[in-house]
Amino acid sequence: MRSQIFAFFSVVALVAGLPMSTVKPRAGTACAPFALLDYSAFQISDGTAGTAQTQANAAFPDHFTGCDLSTVDATSLQNIQTMREAAESAETDDFNPQIAAATGAAATALQNGKIKNKVLKLTAEVLGLQIQAAQGADKASDIATEQKKLTTNIGLDTKAAGQPSQGVA
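Note that my numbering has the sequence shown beginning at 104, numbered continuously upward.
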């Protein structure tokens, strides 16, 4: 009888030490599709300086919180890239000439808007590269380069916190 009780409790102890499930946890859930927007619908340059990082995150990476970036579909990745290109075009085609033509407070507000736009553009660029990396592309060097630019522009925006910021959309 003692040996049966000993054997029973030995088996119970062995079973209790096993993991409850053999299913591996997922890295995250599948990412929802990301819709393409016109620049005027996602630009962040109007208002005041100092919140560009929060605003840019709301436009791009916050959409992907909690999901596995390797599951982002090709259309969503293309939409991010197209929106980044729109922000870049706003910088080169609109901000730069308007800043060159402006003076005083108007020039400062446009410059602050341009910096917020750069934060937006670089946030989209880093996110796109992170998605490509999650899907197997070697983008570590590109991510580091673009993240450094993003950090610099976030710092410039933070330094100008509270100042007027003007967009071009």
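Glycine is no exception: its CB is placed at the ideal position from the N, C-alpha and C atoms.
- DSSP places Thr154 outside both helix and strand once states are collapsed to three, so it counts as coil.
- Looking only at Gln250, Gly131, Gln184, Lys219, the smallest Cα-Cα distance to Ala263 is reached by Lys219.
- Rounded to whole angstroms, Gly231 and Leu213 show a C-alpha spacing of 27 Å.
- Sequence-distant partners of Cys134 (beyond 5 residues in either direction) whose C-beta falls short of 6 Å from its own C-beta, in its chain, are Phe167, Cys170, Thr174, Val175.
- Sixteen is the threshold: since fewer than 16 other Cβ atoms of the shown chains lie within 10 Å of the Cβ of Gln181, the residue is exposed.
- Ala155 is not a Cβ neighbour of Asp241, given a cutoff of 8 Å.
- Take Ser143, set aside five residues on each side of it, and the residues of its chain with a beta-carbon closer than 6 Å to its own are Ala272, in chain order.
- If you ignore the 5 residues before and after Thr151, its C-beta comes within less than 7 Å of the C-beta of Gly265, Gln266, Pro267, Ser268, all in its own chain and listed in chain order.
- If you keep only unbroken alpha helix (DSSP H) runs of at least 4 residues inside the segment 134-187, you get 142-145, 155-162.
- Between Ala236 and Ala243, the gap from beta carbon to beta carbon is short of 8 Å.
- Spatial neighbours of Asp149 in its own chain (CB-CB distance under 6 Å, excluding positions within 5 residues in sequence) are listed in chain order as Gly270.
- Taking the C-beta atoms as reference points, Ile257 is found no nearer than 8 Å to Ala227.
- In this structure, Pro136 lies away from Thr185, with their beta-carbon atoms at least 8 Å apart.
- Beta-bridge annotation (DSSP): Thr261 is not paired with any residue.
- Around the beta carbon of Gly216, a 10 Å sphere encloses 16 or more other beta carbons of the protein chains shown; the residue is thus reported as buried.
- Here Leu223 is near Ala162, since their CB atoms are less than 8 Å apart.
- Under DSSP, Pro267 shares a beta bridge with Thr151.
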